[in-house]
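Heads up: the structure comes next, in structure tokens.
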């Protein structure tokens, strides 16, 4: 099961290379408390979680920092879809992610968009937000982060893909 962050806020100007590919730097995730339905949390049954209840999970900066290298080289997809090498979504792959690093509370990356239809959707404002898909181990231990209560912590984060979406969990904080 994967976490799917819906979610860089225009801080870097987009450019195009000589072959028409869009290149920029954007935030792909953030250290923050985010809401998830119980059924979205890996192992929710064995954790005794209610599949329809909303749980607030902390994605800690230190866990994102440890996970940064696992996002390098991942595909940028036109929509969320968990990927494996033996089941790659070629038709949905519209670009790539690289040079992933922490930038304050954000996980930032170089983003290259190869596909003209995806570039057009970005330019029209239809799909500008980025949403990280990743594996993680939930530790259901409550606490507070920056004054926001949470029910559990995401640990052992490992990237799977980044999705280009219309509306993401992190909003304009993680967008092209």
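Residue numbers (our numbering): 2 to 177.
Built from N, CA and C at the ideal position, the CB exists for glycine as well.
Counted within 10 angstroms of its Cβ, other Cβ atoms place residue i as buried (16 or more) or exposed
| i | result |
| --- | --- |
| residue 53 | exposed |
| residue 174 | buried |
| residue 6 | Residue placement at residue 6 cannot be trusted, given a pLDDT of 46 that sits under 50; the coordinates are not used to answer. |
| residue 100 | exposed |
| residue 132 | buried |
| residue 14 | exposed |
| residue 72 | buried |
| residue 87 | exposed |
Residues of its chain near residue i, where Cβ-Cβ distance is below 8 Å and the 5 sequence neighbours each way are ignored
| i | result |
| --- | --- |
| residue 38 | 52, 53, 54, 55 and 56 |
| residue 103 | 62, 65, 66, 69 and 109 |
| residue 48 | 42, 139 and 141 |
| residue 27 | 9, 13, 109, 110, 112, 131, 175, 176 and 177 |
Sub-9 Å separation of residue i and residue j beta-carbons
| i | j | result |
| --- | --- | --- |
| residue 159 | residue 32 | no |
| residue 177 | residue 125 | no |
| residue 154 | residue 170 | no |
| residue 163 | residue 107 | no |
| residue 98 | residue 74 | yes |
Identity of the residue in the options nearest residue i by Cα
| i | options | result |
| --- | --- | --- |
| residue 41 | 164, 171, 139 and 28 | 139 |
| residue 34 | 133, 151 and 84 | 151 |
| residue 22 | 82, 111 and 64 | 111 |
| residue 118 | 78, 28, 101 and 60 | 78 |
| residue 96 | 123, 87, 116 and 122 | 116 |
| residue 127 | 92, 94, 161 and 168 | 168 |
| residue 59 | 48, 172 and 146 | 146 |
First through last residue of the alpha helix (DSSP H) which encompasses residue i
| i | result |
| --- | --- |
| residue 46 | First-last for residue 46: undefined, no H or E at that position. |
| residue 109 | Run containing residue 109: none in the alpha helix (DSSP H); it sits in the beta strand (DSSP E), 107-114. |
Start-to-end residues for the beta strand (DSSP E) that takes in residue i
| i | result |
| --- | --- |
| residue 77 | 76-78 |
| residue 164 | 153-166 |
| residue 130 | 130-140 |
| residue 86 | Per DSSP, residue 86 belongs to no beta strand (DSSP E) and is neither H nor E. |
| residue 102 | 94-104 |
| residue 55 | 55-60 |
| residue 255 | Residue 255 lies beyond the residue range present for the chain, which begins at 2 and ends at 177; the question has no answer from this structure. |
| residue 118 | Element bounds for residue 118: not the beta strand (DSSP E) but the alpha helix (DSSP H), 117-124. |
| residue 36 | 33-38 |
Cut-off 6 Å between Cβ atoms - residues of its own chain near residue i, not counting five sequence neighbours on either side
| i | result |
| --- | --- |
| residue 45 | 39 |
| residue 11 | With a pLDDT of only 41 at residue 11, under the threshold of 50, the placement of this residue in the model should not be trusted; the figure read from the coordinates follows. Hits under 6 Å: none found. |
| residue 149 | 34 |
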